[in-house]
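The sequence shown begins at 457 in our numbering and counts up one residue at a time.
Just so it is clear, CB atoms sit at the ideal spot from N, CA and C, and this is done for glycine as well.
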Amino acid sequence: MEKRIIKIVLTGGPAAGKTTLTSQIMKLFKQEDGWRVITIPETATELIAGFGIKPFGNCMSMLAFQDFVIADQIHKEKLALDAAQIVPEDRILIIYDRALMDDKAYISDEEFAATIAKFGRTETEVLANYDLVLHLVTCAKGAEFAYNLGNEARTESLEYAREMDDRTLRAWSAHPNLKIIDNSVNFADKIQRALQEIYRAVGEPEPMPRKKKYLIAMPDMAKLASDYNAATLDMMQTYLRQTAPGVERRVRQQRSGTDYLYFYTEKHLMPDGTKWDTERPIPLKEYVQYLMEGDPALHQVHKMKYRFTYRDQRFEIDVYPFSEDKAIMFRYAGSDNVELPPEITVLRDVSDDPEFKNRQLAISQTL
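Structure (structure tokens):
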């Protein structure tokens with residue numbers, strides 16, 4: 457089977473949601489489903505934090521800095537394409553946290569053209585290299601209340617964020633498949649709209665968003681997994697001590713295929729009662745550091761998650777080590793017509809029961 461490589465750029469001004477979207481992509485396009493997600497982190501941030509190369513103070517001009525950025529971006533993009541040919545999966549998503557055209561937002565058009573020409577490229581050639589560009593509008597435009605949430609180190613002003621959002625959008629404006637994801641509804645909706653564009657780009661139907669949760673009698677999971685070709689995830693979730701009012705923090709270890717992934721999540725409860733999440737993938741070292749901040753009043757939540765389809769419906773079953781006779785099942789479908797596998801015995805619908813949320817299970821350790 458010929459490799460299929462889809463290249464997607466995530467761009468936009470500061471505090472746009474790129475990190476959370478990347479995390480969602482990694483969860484949805486899973487190795488056990490035949491996908492490999494290759495991520496290319498933001499180059500400028502790496503150069504500033506890791507090498508001390510920065511375009512301010514007495515270090516260097518912005519133009520000289522962009523020369524470093526573009527050289528590094530080109531190198532990493534080549535490595536990503538080489539890796540896509542080596543990995544065993546045939547379907548590959550390459551996710552760019554900003555890419556070459558973003559550099560145009562920081563220097564003049566003439567300077568940008570001259571810089572990429574040194575590397576043998578034109579703007580037309582650069583734009584043609586990416587299949588989809590998602591411009592996530594900064595929270596500084598329409599969601600100002602969320603601009604600094606979850607990032608106390610953010611130093612850019614609202615005005616600067618808006619200006620860079622405009623400049624970045626202009627830099628990518630000639631791309632034929634540019635999609636603008638604004639803040640018209642809420643953060644969760646914003647991420648969902650971005651994911652819809654990605655599913656369109658890869659030519660696959662978007663998973664049904666409607667979800668129901670049931671308490672079920674424990675089925676024969678080995679037989680069920682075999683009969684329905686269920687994918688299995690081994691997950692460990694740890695709740696962290698609260699550091700800010702209305703913000704619940706947690707980390708998750710997730711084994712996907714042969715790889716381990718790690719995520720940091722914040723759940724925000726707003727004064728009007730609405731909730732939204734931010735999530736980002738983290739390296740193992742950062743995950744271990746966060747474990748030191750675990751909430752001693754809450755147990756870790758370990759579960760095996762089984763994912764499968766039955767009659768065009770998607771199901772997930774969570775099996776917990778503290779329960780031998782019960783499990784939790786999720787059903788995702790577009791209608792209320794329920795068709796369950798014959799092996800499943802539903803005890804009751806717990807979709808709106810707070811006793812069956814993961815945080816409560818971390819307290820009770822019982823189903």
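Can you tell me where the beta strand (DSSP E) holding residue i begins and where it ends?
{"i": "M518", "result": "Premise fails: M518 lies in the alpha helix (DSSP H), 518-542, not in any beta strand (DSSP E)."}
{"i": "Q769", "result": "769-775"}
{"i": "D690", "result": "687-695"}
{"i": "F764", "result": "757-766"}
{"i": "V802", "result": "802-805"}
Alpha carbons only, please: which of the options is nearest the one belonging to residue i?
{"i": "K723", "options": "R577, A644, G468", "result": "A644"}
{"i": "I637", "options": "P661, V589, I461, Y776", "result": "V589"}
{"i": "R547", "options": "A539, R554, D553", "result": "A539"}
{"i": "P661", "options": "G508, F719, R770", "result": "R770"}
{"i": "A681", "options": "D805, F786, Y695, E772", "result": "E772"}
{"i": "M677", "options": "W491, G490, V775, I530", "result": "V775"}
{"i": "T721", "options": "P727, T734, K646", "result": "T734"}
{"i": "Y695", "options": "Y718, Y655, L717, D751", "result": "D751"}
{"i": "E458", "options": "P739, L625, I542, T624", "result": "I542"}
{"i": "W491", "options": "G473, I481, T499", "result": "I481"}
Could you give the distance in angstroms between the alpha-carbon of residue i and the alpha-carbon of residue j?
{"i": "H591", "j": "K782", "result": "44 angstroms"}
{"i": "E608", "j": "H631", "result": "At E608, the pLDDT of 44 sits below 50, so the modelled position is not reliable and the matter cannot be decided from this model."}
{"i": "I819", "j": "M760", "result": "18 angstroms"}
{"i": "F521", "j": "Y762", "result": "47 angstroms"}
{"i": "V802", "j": "M691", "result": "23 angstroms"}
{"i": "L477", "j": "I504", "result": "23 angstroms"}
{"i": "G606", "j": "Y746", "result": "With a pLDDT of only 46 at G606, under 50, the local geometry of the prediction cannot be trusted, and the value read off the model is given with reservation. If you take the alpha carbons of G606 and Y746, they lie about 15 angstroms apart."}
{"i": "R697", "j": "I462", "result": "39 angstroms"}
{"i": "A561", "j": "E567", "result": "11 angstroms"}
{"i": "P810", "j": "P777", "result": "20 angstroms"}
{"i": "G506", "j": "V794", "result": "53 angstroms"}
{"i": "R610", "j": "D805", "result": "Because the pLDDT at R610 is just 46, under 50, the model does not fix this residue reliably, and the value given afterwards should be weighed accordingly. Cα-Cα distance, rounded: 42 angstroms."}
{"i": "A627", "j": "Y552", "result": "16 angstroms"}
{"i": "K679", "j": "L634", "result": "46 angstroms"}
{"i": "D622", "j": "E533", "result": "25 angstroms"}
{"i": "R815", "j": "D558", "result": "40 angstroms"}
Spell out the partners DSSP gives residue i in its beta bridges.
{"i": "K667", "result": "Y788"}
{"i": "Q709", "result": "M692, Y718"}
{"i": "H591", "result": "T467, I636"}
{"i": "W491", "result": "R547"}
{"i": "G420", "result": "Outside the shown range of the chain, which is 457 to 823, sits residue 420, and nothing can be said about it."}
{"i": "E704", "result": "K723"}
{"i": "K782", "result": "A673"}
{"i": "D553", "result": "L466"}
{"i": "I504", "result": "The partner list for I504 (beta bridge, DSSP) is empty, contrary to what the question assumes."}
Given a cut-off of 8 angstroms, decide if residue j and residue i are closer than it, judged by their beta-carbon atoms.
{"i": "K667", "j": "F812", "result": "no"}
{"i": "V864", "j": "L535", "result": "As shown, the chain starts at 457 and ends at 823. That puts residue 864 outside it, with no answer to give."}
Let me check you understand the geometry: is the CB of residue i closer than 7 angstroms to at least one non-hydrogen atom of the ligand FAD?
{"i": "T688", "result": "The ligand FAD is absent from the structure shown, which contains no ligands of any kind."}
What are the start and end residues of the alpha helix (DSSP H) that includes residue i?
{"i": "R815", "result": "814-820"}
{"i": "F643", "result": "643-658"}
{"i": "I563", "result": "It is not in any alpha helix (DSSP H) - I563 carries neither H nor E in the DSSP assignment."}
{"i": "K474", "result": "474-484"}
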